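Colleague:
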Amino acid sequence: MIRLTRAPDMLLGQHWVNLLRQAGIACRLTGVHLQGGAGEIPVDQCGPDLWIENEHDRESAMGIIEGWADASSRAGPHWHCPACGEWLEPQFSSCWQCGAARPGDDAPPRA
Numbered sequence: 431m432i433r434l435t436r437a438p439d440m441l442l443g444q445h446w447v448n449l450l451r452q453a454g455i456a457c458r459l460t461g462v463h464l465q466g467g468a469g470e471i472p473v474d475q476c477g478p479d480l481w482i483e484n485e486h487d488r489e490s491a492m493g494i495i496e497g498w499a500d501a502s503s504r505a506g507p508h509w510h511c512p513a514c515g516e517w518l519e520p521q522f523s524s525c526w527q528c529g530a531a532r533p534g535d536d537a538p539p540r541a
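Under the working numbering, the residues of the sequence shown are numbered 431 to 541, in order.
(1) Quickly, what does DSSP pair Trp-509 with across the bridge? List them, please.
(2) How many angstroms separate the CA atom of Ile-494 from the CA atom of Gln-527?
(3) If you follow the alpha helix (DSSP H) that Trp-481 is in, where does it begin and where does it stop?
(4) Checking the sheet assignment: what are the DSSP bridge partners for Arg-436?
(5) Starting from Cys-528, trace the beta strand (DSSP E) both ways and give me its first and last residue.
Next up, the structure:
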C-alpha cells in the first residue's frame, strides 16, 4: 500500500475514501483512533492517513481529492428563485423557501 496523504480530520478522510472508492480506486483509512491520543502523541501525528493499493492510481486519486476542493470553490453564482424571489447560494438546486427548482442554464445571469 502507498500512503497518499494525511486527512485533517476523520470526516474529510472518510469523504475522500468514499470519493476514491466510487472512482474504483482501492484505498483505506488508517489511524482512525489516534485523535484520542492527542496530547500524548503530537497533534500533527494524530490525523488519519489515506492509503491506496496501487502506485499507478496516485495521480488519479490526488486529482479526485484536489478536484473535490476545487469544485466546491467553483460552485457558481448565487441565484434568484423565479417563484418567490429569494436569493440562494450556489450549492442549492432548489429554493429553500418555496421548493422551486433552480432555473436552467438558459436563465438570465444575476445582475
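Built from N, CA and C at the ideal position, the CB exists for glycine as well.
Note that the coordinates shown come from a computational prediction; the quantities given were computed from them, not determined experimentally.
Modeller: Quick answer:
(1) Walking along the sequence shown from the start, residue 509 turns up at place 79. Paired residues: Leu-518.
(2) Against the sequence shown, residue 494 aligns to sequence position 64. Against the sequence shown, residue 527 aligns to sequence position 97. Near 33 Å, if we compare the C-alpha coordinates of Gln-527 and Ile-494.
(3) By 1-based counting over the sequence shown, the position of residue 481 is 51. Taken as a continuous stretch (DSSP letters only), Trp-481 belongs to no alpha helix (DSSP H), being part of the beta strand (DSSP E) at 479–482.
(4) Here residue 436 refers to the residue found at position 6 when the sequence shown is read from its first residue. DSSP, once it has assigned bridges, lists Asp-479 as partnering Arg-436.
(5) As a working mapping, residue 528 is identified with position 98 in the sequence shown. First-last for Cys-528: undefined, no H or E at that position.
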